[in-house]
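Trainee: After the structure tokens below, expect a handful of questions from me.
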Amino acid sequence: MNEEENDLLPKAPAKLAPRGIQSFTVFRNDDETGISGEGIVIEGVRLATGQCIIHWLYPPPKGGIAIFESMEDFIKVHIQPHPTNKTIITFADGEQMKFGRFDKEPNDSEDEDQLDVSQPVTIDDTKE
Numbered sequence: 188m189n190e191e192e193n194d195l196l197p198k199a200p201a202k203l204a205p206r207g208i209q210s211f212t213v214f215r216n217d218d219e220t221g222i223s224g225e226g227i228v229i230e231g232v233r234l235a236t237g238q239c240i241i242h243w244l245y246p247p248p249k250g251g252i253a254i255f256e257s258m259e260d261f262i263k264v265h266i267q268p269h270p271t272n273k274t275i276i277t278f279a280d281g282e283q284m285k286f287g288r289f290d291k292e293p294n295d296s297e298d299e300d301q302l303d304v305s306q307p308v309t310i311d312d313t314k315e
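In structure tokens:
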């Protein structure tokens, strides 16, 4: 079989995982548990495979590392249970996801007409 014919034969798929990493930070306006604090409390990456690796910046000096099967799993565990934290995830490309009640002060009474942003809101500031 010549080389041209050999090139036309079906081949097994590549044995490599998808490539690409998106870095992000997690900013908390408040800290309802009083453990990790306010401001940027996590830096992380989302892999092309969908897996998410986070680096807690608390406790000093090293913080802690956690790995999640997906960004959604991370959000379910560490973001959505704490809507009063008013958390913002910001990716290196400027994309943002906001979680919590940004329209409320911490001591406001519950109001059913107010927006509860318990699901991510994507903000794309790159478009005009």
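Numbered per the numbering used here, the sequence shown finishes at 315, counting up by one with no gaps.
From the three backbone atoms N, C-alpha and C, an ideal C-beta is built for every residue, glycine too.
Can you give me the start and stop residues for the beta strand (DSSP E) that H242 sits inside?
Mentor: Segment 239 to 243, the beta strand (DSSP E) holding H242.
Trainee: Once DSSP output is grouped into helix, strand and coil, what is the label at F286?
Mentor: F286: strand per DSSP, three-state reduction.
Trainee: Is it buried or exposed for R233, if we count other Cβ within 10 angstroms and need 16 for buried?
Mentor: The residue in question, R233, is buried, as its Cβ has 16 or more Cβ neighbours within 10 Å.
Trainee: Would you report the Cα separation of L195 and D260, rounded to the nearest angstrom?
Mentor: The straight-line gap from Cα to Cα measures roughly 42 Å.
Trainee: Please tell me whether Q238 and S210 are closer than 8 Å, where the distance is taken between their beta carbons.
Mentor: Not in contact: Q238 and S210 (Cβ atoms no closer than 8 Å).
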